[in-house]
Each structure stands twice: as C-alpha cells, then as structure tokens.
Amino acid sequence: MPADLTPVRIADDVIEFQVETSRQAQTLARELRSAEMAEDVVAGLDRVAIRFAPARATQVEAWLAGIRSISVEDKIDLPVVEIPVQYGGAFGPDLASICAAMDLSEDAFIALHAEAEHLVEMIGFTPGFSYISGLPDTFEIPRLGTPRPRVPAGSIGISAAFTGIYALAGPGGWPLIGRTQETLFDPDAAESFLLHPGQRVKFKAV
Amino acid sequence: MLRILKAGLQSTLQGAPRIGHRHLGIPYAGPADPLSMALANRLVGNTDEATCVEITFGGFEAELETDCSVAITGAVGHLSVSGAERAPHSTWHLRKGDKIKVDPPHVGARTYLAIRLGFKADELFGSRSTYLPAAFGGYEGRALQAGDVLASNGAAMVSETLQTPDKLRPTFTHAFALRTCLSSESELLAPESHAALFGETFTAGRQATRMGVSLEGHPLSVASDGTMKSAPVFPGTIQCPPSGTPIVLLSDAQTTGGYPRIASIARCDRHLLGQIRPGDQVTLLHRTHEAALIEFAEKQAMLDKWLLRDG
C-alpha cells in the first residue's frame, strides 16, 4: 500500500490518485464511486481518476484531500469463469505470427494460455474490454502496427503479457489469438458484462 | 416523422452523454459540440440535452411527415426548406411535406437539427446517444441512411418564434484558440516541446473524428520509455504517442489509454472541438486549473440565462 495518497489535478475538472497495483486502484475506485460525489470514477492499472462537476470543485477537492489511504482491500470472491476459446485459424488470425515470433508451436502456446489461471485487472478502453493478467511477465507481444477497424465481439487478443477480450464488436489494435462464443455483454441483464475486475478466468480450448 | 432523404457523410442521433459508466469501458458519446446542440434545443423549447440529429459536413436532406417546429444551429452553409432559404438560430414552424436541406458548411464541421420534444432513440446505460464504434444507442446504433424514418416524442408546433441572442451565437473560423490546462504527464515534455505546445500553431489532421483530432506540424518529444500503464482519459485529454503528434480526444474518447497525457482542453472550450475540420489551425492557450474553472463558470452563467437545463 502506498505511504500516502496525493491528489493530482490532471484537468480543470479531473483529479487523479496514483497507486501501486490494479487491485488497489479497483478498491479505491469502488470506495470513491460509492460516495456519489463525482461524475465518474475511473480506474486505470495504477491510477484512479475522478471527474467532477465544476460547480462542486471546492467540495470535491476538500473531500479528496482527506483521502489518505486505501481502506482494507476488498476480498473479491467471484467464481472462476471458464471461457471456451476457439484458438487460431480465422478466429485467431494472428496466432501463427505470434508463435513464429516467439519460436513456440501453436499447441504449446495454447497449452500455456489454457493452463494458467488468469485475473481480470481492469475494464477499459472500449465497452467491457477486459485487461487480463496470467501470462508470464516475460511475454512482450507488440500491438498491431495498424489497428483493425472492426473485430467481432468475443475476440481474444494479446498485448505485452495481457490477454484482452473484446466484449463488443469494435475497433481493435491487439493481435488476435482466438474467439469465444460466450455472451460477454447482455444489455438487458442486471449485470450487463460477464467479466468484472478481480475475477479469475480459465480459458479452455474447444 | 422525419424521413431521411440524404444522410451526408455521417449523421447520428445524439442527446445526453452516457455519464457514470466509464469504469465499464463505456465512453460518453453525446454531441461533439454540446453548446450548439443546446442552442438548437432551446429554440424549440427543449431542455439542453434532448435528442437531436448531428450532421457532419452537411449534405443532409430530410422530409417532415408531421407539422413540427424545427431549429438548426452549429456549422451552417446554405440552409433551405422546400427550396426557400432559411436562417439558422431561429425557430422554424414547418408543415408536413416540407423538405429540409443542409448544404455543406464552409467553416465548422457539425450541424444540429432539433425538433420539439426531441427524437426517439434507443436508450442504453441511461443515454440515447449513438456510440458508433460499439453500435449502440441512437438509431439502431448506426449512422442514419437515406430511407430511415426518425420517430419523435410527440413532435408539435411551439407557439414562440425564438432567435438565439447574438452574443450567444458561436462563430466558427478556420482557426481555433482553445484554453488548455496541464495534465498528469505534462512534465515528461522536453522544455522546448512544452514551449511549442503553447506557442506554436498546429494543423488539425485528416482524421478528425468523434473520437479524436490529431494536432500536426510540430512533433513534440516526450520522455516516455513506453512502459506507462493504461490510465484514465476523458474528452479533452491530449495524449502524445511516440510519434510526437498529439491527439485531442472528443466525445467518443476511449476510457483509458497508454500514452502520456500531456495536457487537457479546459471544460469551457471543449464544445469547440466538435467544429474543428481537417486543416484548421489550432493554438492552445495555457490556463491554470483554477482560472479555467472560473472561466467555465462565467460562460455557464451567461448561458444559464438562456438555456433550459435538465435537472
């Protein structure tokens, strides 16, 4: 846990805290969001930004200046979600080139990916897009030079050592290794998105 | 009740932004120029965020299937109704069968068409605004096409004929001066790049979308080792990727990004971002965070005397 939290102004209507881990960021963000003082509270991997209505600036500044530490980290006890994946081929058009660059066989890569237990670190970028850790830290898979204008919902990509899942169709710059047929987004459900920060994930080759 | 005859380059339904869901990765969407949309709504007696058509670079034609009051603001070239020229910023009382034509503007990028009580649109996460990249909100989550028929929330005539007061009418040129504050990674700018950011005139890049506008002509150097972790961004954030060409984010801004956030357009001037055309000149005027908020409050106070606010 950081020694102390310091609010930093990053726009006239946005204040940000820096923390050390995504888990701290998620915990702090949830706590600040529950106070209902802000327009939006957004966690990055090691930041939490608070955008506020300008009319409340003085009030919000005083509130955030009083936040010195993160309360006890939430015990996240969400069930492990198993995600069936069709790896490679048309579903994962970049799997072959990723494996070639790493001098791994596709089977070896799939085994590595499917054996690890992964963790959703953050949701961000586009609706429901999940940043998931679990691959070896030594992985440094680069993003595509030119993003694809549209990747299908359920597409699974890799960037650095993160796995990313596109909950909705949209533009995408991560090289794709596969796709899942799971429903990741259901606008009519009480919880619209299948995955949440802090959730553990297992991938299963199908 | 409004049949689209020509949709132009990109016309979408936009209303209130989708505030409060960025932690789910859900961008705000909403009008690229919220002030112009609010002014259009006022002329037909609506509150500022009733759902309007946002038209990009004109080329739009539509036919009314109901008697209705209509208003048009934002970037305007030649406007006409059934062949007769009309002025922007005033309430038009139109009849069934009238054809509205919005020609391409010469300056500015986006035009707003409001009707009494607003258009019907798909609601998701508390907003009706279209978010094109994920295809939700608005009209089936997509840009309007010829043949679409937009439904209203009970469109009707208003009794008043209003005109936007002169002093509240934004005028657009090919040069934008935008008040701008420092941000989280401003200190990563080399001193001469910091000076260039606030001293040079940038040219808006060819990709001027609802997501972002690049500021070209003066590449900046940022002391970033490329290991920055994904961090929150908002409309108004100026990111600087390794190429050195800064990108200003607009209404459809993604919720997080991995490039240094070198500055942020002040809230008081963010509405202008939606009117920048490729090739326009952009200069950034440095303001402290405190000064920028005072200037926002002054602008709001002036607008509050005219606009009808929702809540």
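The listed protein sequences correspond, in order, to chains A and B. Letter by letter, the first sequence follows residues 22 to 227 of my numbering. Letter by letter, the second sequence follows residues 551 to 861 of my numbering. The beta-carbon is built from N, C-alpha and C at its ideal position, and this holds for glycine as well. Keep in mind that this is a model prediction, so the values were computed, not measured.
Inset, instruction - Use the C-beta contact count for B:Leu559: other C-beta atoms within 10 angstroms, 16 or more gives buried, fewer gives exposed. - result: By the C-beta density criterion, B:Leu559 is exposed, having fewer than 16 other C-beta atoms within 10 angstroms.
Inset, instruction - Could you check the C-alpha separation between B:Asp653 and B:Leu589 for me, to the nearest Å? - result: Straight-line measurement puts the Cα of B:Leu589 at about 20 angstroms from the Cα of B:Asp653.
Inset, instruction - Would you please state the rounded distance, in angstroms, between the beta carbons of B:Pro810 and B:Val772? I believe it to be under 8 angstroms. - result: About 5 angstroms separates the two Cβ atoms, so the contact holds.
Inset, instruction - With a 10 Å radius around its C-beta and 16 neighbouring C-beta atoms as the bar for buried, classify A:Val106 as buried or exposed. - result: Flag for A:Val106 reads buried.
Legend entry - Residues sharing a beta bridge with A:His139, DSSP: Looking at the DSSP assignment, A:His139 forms a beta bridge with A:Val222.
Inset, instruction - Verify the CB distance criterion: does B:Gln804 have a CB-CB separation below 8 angstroms to chain A? - result: Closer than 8 angstroms to some Cβ of chain A, the Cβ of B:Gln804 qualifies, so yes.
Legend entry - Alpha-carbon spacing of B:Glu845 relative to B:Leu799, whole angstroms: Here the C-alpha atom of B:Glu845 lies approximately 21 angstroms from the C-alpha atom of B:Leu799.
Legend entry - Of the residues B:Ala659, B:Pro638, B:Val657 and B:Gly658, the one placed nearest B:Lys651, counting alpha carbons only: B:Lys651 has its Cα closest to that of B:Pro638, out of B:Ala659, B:Pro638, B:Val657 and B:Gly658.
Legend entry - Cβ of A:Gly149 within 8 angstroms of any chain B Cβ: Output row for A:Gly149: interface = yes.
Inset, instruction - Could you tell me which chain A residues have their CB closer than 7 angstroms to the CB of B:Arg683, listed as they occur along the chain? - result: The sequence shown places Pro at residue 683 of chain B, rather than the Arg named in the question. Those within 7 angstroms of B:Pro683 in chain A are Thr147, Gly191 and Pro192.
Legend entry - Contact list for A:Asp67 against chain B, beta-carbon separation under 7 angstroms: Simply Lys779.
Inset, instruction - Report the three-state DSSP secondary structure of B:Gln789 (helix, strand or coil). - result: If DSSP states are grouped into helix, strand and coil, B:Gln789 belongs with the strands.
Inset, instruction - State the start and end residues of the unbroken beta strand (DSSP E) segment that holds B:Lys556. - result: From DSSP, the beta strand (DSSP E) with B:Lys556 extends over Leu552 to Lys556.
Inset, instruction - Evaluate contact between the segment 152-163 of chain A and the segment 698-705 of chain B, counting only Cβ atoms and requiring at least three cross-stretch pairs below 8 angstroms. - result: Output reads no: the segment 698-705 of chain B does not touch the segment 152-163 of chain A.
Inset, instruction - Tell me, please, whether the CB atom of B:Cys731 is closer than 8 angstroms to any CB atom in chain A? - result: Interface residue (Cβ-Cβ distance to chain A less than 8 angstroms): B:Cys731 is classified as such.
Legend entry - Element boundaries [beta strand (DSSP E), containing B:Lys649]: First-last of the beta strand (DSSP E) with B:Lys649: Lys649 to Val652.
Inset, instruction - Take every Cβ of the segment 670-686 of chain B, pair it with every Cβ of the segment 623-642 of chain B, and state whether three or more of those distances are shorter than 8 angstroms. - result: Taking 8 angstroms as the limit for Cβ pairs, the verdict is that the segment 623-642 of chain B does not touch the segment 670-686 of chain B.
Legend entry - Beta carbon proximity, A:Asp33 to chain B, threshold 8 angstroms: Chain B contact via Cβ: present.
Legend entry - Check whether B:Ala705 and B:Met587 have beta carbons under 8 angstroms apart: B:Met587 is positioned such that its CB atom lies no closer than 8 angstroms to that of B:Ala705.
Legend entry - Closer than 8 angstroms at the beta carbon, the chain E residues around B:Ile569: Among the protein chains in the structure shown, which are A and B, there is no chain E.
Inset, instruction - Please list, in chain order, all residues of the same chain as B:Ala612 whose beta carbon is under 7 angstroms from its beta carbon, the five residues on each side excluded. - result: Excluding positions up to five away in sequence, the list reads Leu552, Arg553, Ile554, Leu555 and Ile650.
Legend entry - Beta carbon proximity, A:Arg30 to chain B, threshold 8 angstroms: Interface annotation, A:Arg30: in contact with chain B, CB-CB separation under 8 angstroms.
Legend entry - Endpoints, the alpha helix (DSSP H) within which B:Glu848 is located: Its alpha helix (DSSP H) spans residues His839 to Asp854.
Legend entry - Through-space distance from B:Lys779 to A:Gly199, alpha-carbon basis: Straight-line Cα distance between these residues: approximately 24 angstroms.
Inset, instruction - Report the three-state DSSP secondary structure of A:Pro39 (helix, strand or coil). - result: Looking at the sequence itself, residue 39 of chain A is Gln, so the reference to Pro does not match. Looking at A:Gln39 - three-state DSSP - the assignment turns out to be strand.
Inset, instruction - Report yes if the CB atom of B:Ala781 is closer than 8 angstroms to the CB atom of A:Gly193, and no otherwise. - result: Cβ distance not < 8 angstroms, so B:Ala781 and A:Gly193 don't count as in contact.
Legend entry - Within chain B, the residues that A:Glu161 reaches when beta carbons sit closer than 7 angstroms: Among the residues of chain B, none has a CB under 7 angstroms from the CB of A:Glu161; the nearest is roughly 11 angstroms distant.
Legend entry - CB contact check: A:Tyr108 to chain B, cutoff 8 angstroms: Not one chain B Cβ lies under 8 angstroms of A:Tyr108.
Legend entry - Contacts of A:Arg72 in chain B (Cβ-Cβ under 7 angstroms): Near A:Arg72 (Cβ distances below 7 angstroms), the residues of chain B are Phe784.
Inset, instruction - Starting from the N-terminal side, write out each stretch of the alpha helix (DSSP H) that is 4 residues or longer and does not extend beyond the segment 96-161 of chain A. - result: The qualifying runs are 116-123 and 127-136.
Inset, instruction - With DSSP collapsed to three states, give me the class of B:Val657. - result: For B:Val657, the three-state secondary structure derived from DSSP is coil.
Legend entry - Residue-chain proximity (B:Ser734, chain A), Cβ-Cβ < 8 angstroms: Yes, B:Ser734 lies at the interface with chain A (some Cβ there is under 8 angstroms from its Cβ).
Inset, instruction - Establish whether the CB of A:Phe38 and some CB of chain B are separated by less than 8 angstroms. - result: With a threshold of 8 angstroms between beta carbons, A:Phe38 makes no contact with chain B.
Legend entry - Near-chain B residues of the segment 118-146 of chain A - C-beta to any C-beta below 8 angstroms: Hits within the stretch, in order: Met143, Ile144, Gly145 and Phe146.
Legend entry - In DSSP terms, what A:Val63 is bridged to: DSSP output for A:Val63 lists A:Ala70 as bridge partner(s).
Inset, instruction - Tell me, to the nearest whole angstrom, how far the beta carbon of B:His573 is from that of A:Val63; I am working on the premise that it is less than 8 angstroms. - result: Indeed, because the Cβ distance is near 5 angstroms, the residues count as touching under 8 angstroms.
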